[in-house]
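In the working numbering, the protein residues as written are 918 to 1183.
Remarks on the structure that follows.
Set out below in C-alpha cells:
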C-alpha cells in the first residue's frame, strides 16, 4: 500500500550533504527505505528532486517500487539482500548465475538508457535481491540526456567501480554504466575486486592510470562470458557494447532463453 506521509525512522538516520536516509515501516508492516531532503545545498537538492521524479515515473521489475512521496521525501520498498554481502555474493559466483544476473541488469540498463537515463553508480552494494529478482537501487547521481546540467560539476560515484572517463571528468554516460556492470560480473567470476586495497590505495592506483586489476589477457579472443565482460572494460567508451547488445548476447547464451527480462520491458 502507498503511504501518504513520511513515516518515522525505525533506527539511525544517515545524513550526507543535507540528504537523510533511514529505514521505516508502513502501516501494513512492510519495510520502507525513506529519503528526505533537509538543509541541503543546491546540487544535492536538485539531485534529490530528480531521483524522486525517476522513482515516480520509472516502472521495471528490476527497480524498487515507490511507496509514497511528498514535497521533501519519498519512500520505496526496502530491499536488504545486497550483492556486497559475502553470503549473497557466494550464491552468484557460478558462470550460469553471473550470466543470468548481468543479463537481467543489462536488460534494465537498456530500458533506462533507451529513456536517456544513466545510473552512474553501479556497484555490488547497489544491487539488491527481491527473492531471486535483482534490483538496482540508489539513483542519487543519475544523469538524464547527453548534456545533463547536473553532470560534471563534481566527481560523483565510487572510484573502485567507476569507468575511467567518469573518474577523470565526472562524465556520467551509458558506456560508463556498462564498464561498471562488466566490472561487477568479472568480480563475481574471478573472485577479486577491480582494484585491491584501501580507498586511498584505490585512488592512488587510478591516479597512476591503473583502472582495474582483472586478468583480461586470459580472456583474449574468448567468446565466452568472461570475454564478453572484458569487452565492457574497453578503455575507449565507444568500443564497449551497449546495454541492449550485452543483454541480447547473454539472452542468446541462456540455456532456457527465458531467464533474462525483455530489454523492452515497460
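Yeah, the Cβ is synthetic: ideal placement off N, Cα and C, and Gly gets one too.
Values in this document were obtained by computation on a predicted structure and should not be read as measured data.
Item	Value
So the candidates are 994, 1125, 1062, 1025; which of them puts its Cα closest to the Cα of residue 1088?	1062
Hey, is residue 1031 close to the ligand MN, as in C-beta under 6 Å from one of its heavy atoms?	The ligand MN is absent from the structure shown, which contains no ligand whatsoever.
Let's test the definition: count the other Cβ atoms within 10 Å of the Cβ of residue 960 and tell me whether it reaches 16, buried, or not, exposed.	exposed
Tell me which residues share the same chain as residue 1077 and place their Cβ nearer than 7 Å to its Cβ, disregarding the 5 neighbours each side in the sequence.	1110, 1111, 1112, 1119
Closer than 8 Å is the cut-off here; do at least three beta carbon pairs connect the segment 1038 to 1049 with the segment 1081 to 1098?	yes
Check the C-beta distance from residue 991 over to residue 1000 and give it rounded, since I have them as a contact under 8 Å.	Rounded, the Cβ-Cβ distance is 23 Å, inconsistent with contact.
Rounded to whole angstroms, how far is the Cβ of residue 941 from the Cβ of residue 930, which I believe are closer than 8 Å?	Not a contact, Cβ separation roughly 10 Å.
Relative to the C-alpha of residue 1127, which candidate in 989, 919, 1081 has its C-alpha closest?	1081
CA-CA distance, residue 921 and residue 987?	8 Å
Is it right to say residue 1055 is buried, meaning 16 or more other beta carbons lie within 10 angstroms of its own, or is it exposed?	buried
The beta strand (DSSP E) that contains residue 1050, what's its start and end?	1050 to 1053
Out of 1124, 1058, 1085, state which residue places its alpha-carbon closest to the alpha-carbon of residue 967.	1058
Rounded to the nearest angstrom, what separates residue 977 and residue 1049 at their Cα positions?	15 Å
Just to confirm my understanding: we take residue 989, look at its own chain, exclude 5 residues before and 5 after, and list those with CB closer than 6 Å. What are they?	953, 954
Would residue 998 pass as a contact of residue 1046 if the rule is Cβ separation under 7 Å?	yes
Taking C-beta to C-beta, are residue 1016 and residue 1142 nearer than 7 Å?	yes
Relative to the alpha-carbon of residue 1084, which residue among 1105, 943, 1124, 1053 has its alpha-carbon at the smallest distance?	1124
Quick one: Cα of residue 1032 to Cα of residue 1053, how far?	16 Å
Quick one: residues in its chain with C-beta nearer than 6 Å to the C-beta of residue 1095, no 5 flanking neighbours on either side, listed in chain order?	1149, 1157
My output table needs one value for residue 1179: the three-state DSSP class, helix, strand or coil.	The pLDDT assigned to residue 1179 is 41, lower than 50, so where the model puts this residue is not dependable; a value taken from the coordinates is nonetheless given after this. In this structure, residue 1179 counts as coil in the three-state DSSP scheme.
State the Cα-Cα distance for the pair residue 949 and residue 994, rounded to the nearest angstrom.	5 Å
So residue 1147 and residue 1027 are in contact, right, with Cβ under 8 Å, and what is the actual spacing, rounded?	Not quite, the Cβ-Cβ distance comes to about 20 Å (not below 8 Å), so this is no contact.
Could you spell out the range, first to last residue, of the beta strand (DSSP E) harbouring residue 1093?	No beta strand (DSSP E) contains residue 1093, which is instead part of the alpha helix (DSSP H) from 1091 to 1107.
Buried or exposed for residue 924, going by 16 or more other Cβ atoms inside 10 Å?	buried
Taking C-alpha atoms, which residue in 1005, 1051, 974, 1043 lies nearest to residue 1075?	1043
Residue 945: which of 979, 919, 1014 sits nearest, CA to CA?	919
Apart from the five residues just before and just after residue 1009, which ones in its own chain have a Cβ nearer than 6 Å to its Cβ?	1018, 1105
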